[in-house]
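Beneath this line is the structure, given in structure tokens, with notes to follow.
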Amino acid sequence: MRAFEVLRAAYGTAEVLAPGAAECFLIGRAPDAHARTFIRVLGARHLLQAAAATTLGGGAALHWISAGVDALHALTMLALAAVDRRRRQPAVANAAIALAFAAGELRSGTRAGVRSQISCPCGGLTGQPVGDCSVDVLVRGTRHTRMG
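With the working numbering applied, the sequence shown covers 1195 to 1342.
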């Protein structure tokens, strides 16, 4: 489990077990019962995403999908902030957190894509599709070889 998944799992656990703590810390007031229910649901989603990334290996596609889920969450929170004045502060804070998670997922997805190219038998040096060893590869600018 990588540090990012640990962070997501810890945040999700905090939301499930103490749904008012983060909101109290961020905006200085406790959420109502309705909001606590939704916070717990969001915490469960974070736990599910962390478990999926860990269990399924955290490939690039999974990270990109997870980033999309986080971005969608941020958009819904911004929409809530636009229509519900009473929930504006926590919704904007939640949107910022969701965008931070989306950025982390995009970074992880980019790194996962780079790792898959590097693990290609060709070395993935020229950006060719992973596993396509029939292309010419210029290695270190000194020698031209035909792979495959």
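By construction, the Cβ of each residue, glycine as well, lies at the ideal position given by its N, Cα and C atoms.
Note that this is a predicted model, so its numbers are computed, not measured.
- Contact annotation: residue 1217 and residue 1224 have beta-carbon atoms nearer than 9 angstroms.
- Annotation: the region 1209 to 1253 contains no complete segment of the beta strand (DSSP E) (minimum length 3 residues).
- With a cut-off of 8 angstroms on Cβ pairs, the region 1285 to 1293 is not in contact with the region 1254 to 1262, counting fewer than three such pairs.
- Assigned with DSSP and collapsed to three states, residue 1202 falls in helix.
- For residue 1196, the three-state secondary structure derived from DSSP is coil.
- 9 angstroms or more divides the Cβ of residue 1254 from the Cβ of residue 1206.
- In the same chain as residue 1296, and ignoring 5 residues on each side of it, the C-beta atoms closer than 7 angstroms to its own belong to 1261, 1264, 1265 and 1268, in chain order.
- Approximately 17 angstroms separates the beta-carbon atoms of residue 1301 and residue 1240; this is outside 8 angstroms, ruling out the contact.
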